[in-house]
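I have placed the structure first, in the form of structure tokens, so that the comments after it can refer back to it.
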Amino acid sequence: MPASPKSSRLGAYHAKRRTDGTSEPMGAATPAPSVGDRLFVVQKHAARRLHYDLRLEMDGVLMSWAVPRGFSTDPAEKRMAVQVEDHPVEYADYEGVIPDGNYGAGPSIMWDRGRWVALEPPEEGFLKGKLLFELHGYKLRGVWTLVRTKRARQTEPGKEWLLIKHRDAWAHPEPSGFPEESIVSGLLVEELSQAR
Ligand code: MN
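Residue numbers (our numbering): 954 to 1149.
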């Protein structure tokens, strides 16, 4: 089960707490939004099914979504993004071949990396099911939205999101596509497994 940002982790605790009769701190209902830029990484991962892992640093972890069809610069394109387990921040450096018999076995290249900037408070946005953010990567640029699907809202926790390019200078209705090689080794994900 993917862990949620701090605010929803506190939700169950707050539900059991009274605000009177104790001097214990409650913690804010909505923690102060973290402002500023943070790390993001995309790993192209040839597991049983090829996908791109979009990971955004939030609350000391990398919140992660698997995007099977990858990224489109066309704002009319909605790409399914399935939320998966939070990963440690150190995972952002990973490129290699996950050995057979392990979770996610297969080669994974560092497809893109950079900083991301939340344009709305992300912890609150996560709870509401909408994240608006800007990517400053080598390949991915401009403003993007992640929206939790209605279907997902009926199940807890909702795992299905849609990734959509926002209309801005980086949007192209006729996308030319992104280079597919690793930004660190220059290898394609297919070549990485052969390089072993
Ligand atoms: Mn993966």
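Yeah, the Cβ is synthetic: ideal placement off N, Cα and C, and Gly gets one too.
Checklist entry - So which of 1136, 1068, 1004 has the shortest CA-CA distance to residue 1057? => result Minimum Cα distance to residue 1057 is reached at 1004.
Item to check | residue 1006 CB to nearest heavy atom of the ligand MN below 7 Å | outcome: Under cutoff, so the answer is yes.
Next on the checklist: Whole angstroms are fine: how far does the CA of residue 1121 sit from the CA of residue 1032?
Outcome noted: Using only the alpha carbons, I get a separation of about 18 Å.
Item to check | Buried versus exposed call for residue 1029 [16 or more other C-beta atoms within 10 Å across all chains shown] | outcome: So residue 1029 counts as exposed.
Item to check | Contact under 8 Å by Cβ, residue 1114 with residue 1099 | outcome: In this structure, the beta-carbon distance from residue 1114 to residue 1099 falls below 8 Å.
Next on the checklist: Could you check if residue 1119 belongs to the surroundings of the ligand MN, using beta carbon to heavy atom distance under 7 Å?
Outcome noted: Incorrect: residue 1119 has no Cβ contact closer than 7 Å to the ligand MN.
Checklist entry - So, residue 1133 versus residue 1145, is the Cβ gap smaller than 8 Å? => result The Cβ atoms of residue 1133 and residue 1145 lie no closer than 8 Å to each other.
Item to check | Per-residue DSSP class, three states only, for residue 1057 | outcome: Coil, per DSSP.
Checklist entry - Within this structure, are the beta carbons of residue 997 and residue 1064 separated by less than 8 Å? => result Yes, the Cβ-Cβ distance between residue 997 and residue 1064 is below 8 Å.
Checklist entry - For residue 1090, which residues does DSSP report across the bridge? => result In DSSP, residue 1090 forms a bridge with 1067.
Next on the checklist: On the DSSP letters alone, give me the boundaries of the alpha helix (DSSP H) that residue 1075 sits inside.
Outcome noted: Residues 1075-1081.
Checklist entry - At a cut of 8 Å, does the region 1035-1046 reach the region 1008-1018 through at least three beta carbon pairs? => result Here the region 1035-1046 lies against the region 1008-1018, with 3 or more beta-carbon pairs under 8 Å apart.
Next on the checklist: What I want to know is whether the C-beta of residue 1040 ends up closer than 7 Å to one or more non-hydrogen atoms of the ligand MN.
Outcome noted: Not a single heavy atom of the ligand MN lies less than 7 Å from the C-beta of residue 1040.
Next on the checklist: Tell me the DSSP secondary structure of residue 995 in three-state form.
Outcome noted: Note: residue 995 maps to strand in three-state DSSP.
Item to check | Contact set for residue 1124: own chain, Cβ-Cβ below 8 Å, skip 5 residues either direction | outcome: So the list reads 1026, 1027, 1028, 1095, 1118, once near-sequence residues are dropped.
Item to check | Closest residue to residue 1034 among 1059, 995, 1127 (Cα-Cα distance) | outcome: Just measuring C-alpha positions, the residue of 1059, 995, 1127 sitting nearest residue 1034 is 995.
Checklist entry - Residues in its own chain within less than 7 Å of residue 1128 by CB, not counting five upstream and five downstream? => result Excluding residues within five positions, the ones whose Cβ falls inside 7 Å are 1025, 1026, 1027.
Item to check | Through-space distance from residue 1137 to residue 1062, alpha-carbon basis | outcome: Whole-angstrom Cα-Cα distance: 8 Å.
Next on the checklist: Less than 8 Å between the beta carbons of residue 1048 and residue 1135, yes or no?
Outcome noted: Going by C-beta atoms, residue 1048 is nearer than 8 Å to residue 1135.
Next on the checklist: Among the candidates 1147, 1112, 1060, 1102, whose CA atom is the shortest distance from the CA of residue 1002?
Outcome noted: Per the Cα distances, 1060.
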